[in-house]
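Novice:
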Amino acid sequence: MKEYNHLKESVFQYEKEKTKSSVVVRQLQREVADSLKKLTMLESPLEGTSHCHIDVDKTQASKKKLFQVESQI
């Protein structure tokens, strides 16, 4: 009977830990999803900014070529 009670208690503790672990896993999944959502929102403006930088670089390169051509004339 002692062994039965001990096993019953062990199963109860196992189930309790399993429930706690499931709660923690769900919480971590929510945190990861929230972090990914925030990251996506932060990356969107950066993509526009990088396109602007590329355009600025192209414009500066074009101006430089224009000045070089003008100076040769």
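Residues in the sequence shown are numbered consecutively from 32, following our numbering. Yeah, the Cβ is synthetic: ideal placement off N, Cα and C, and Gly gets one too. Keep in mind the model is a prediction, meaning the values are calculated, not measured.
#1: If we ignore side chains and look at the alpha-carbon of each, how far apart do residue 62 and residue 53 end up?
#2: I need the straight-line Cα distance from residue 73 to residue 65, nearest angstrom please.
#3: In whole angstroms, give me the CA-to-CA distance for residue 45 and residue 69.
#4: Do you know how far the Cα of residue 102 is from the Cα of residue 92?
Specialist: So, from the listed chains and residues:
#1: Start at 1 with the first residue of the sequence shown, and residue 62 comes out as number 31. Start at 1 with the first residue of the sequence shown, and residue 53 comes out as number 22. In a straight line, the C-alpha of residue 62 is about 14 Å away from that of residue 53.
#2: As a position in the sequence shown, residue 73 is number 42, starting the count at 1. As a position in the sequence shown, residue 65 is number 34, starting the count at 1. About 12 Å.
#3: Here residue 45 is taken as the residue at index 14 of the sequence shown, counted from 1. Here residue 69 is taken as the residue at index 38 of the sequence shown, counted from 1. So the alpha carbons of these two residues sit roughly 36 Å apart.
#4: Sequence index remark: in the sequence shown, residue 92 carries index 61 (1-based). Sequence index remark: in the sequence shown, residue 102 carries index 71 (1-based). Taking the straight line joining both Cα atoms gives about 15 Å.
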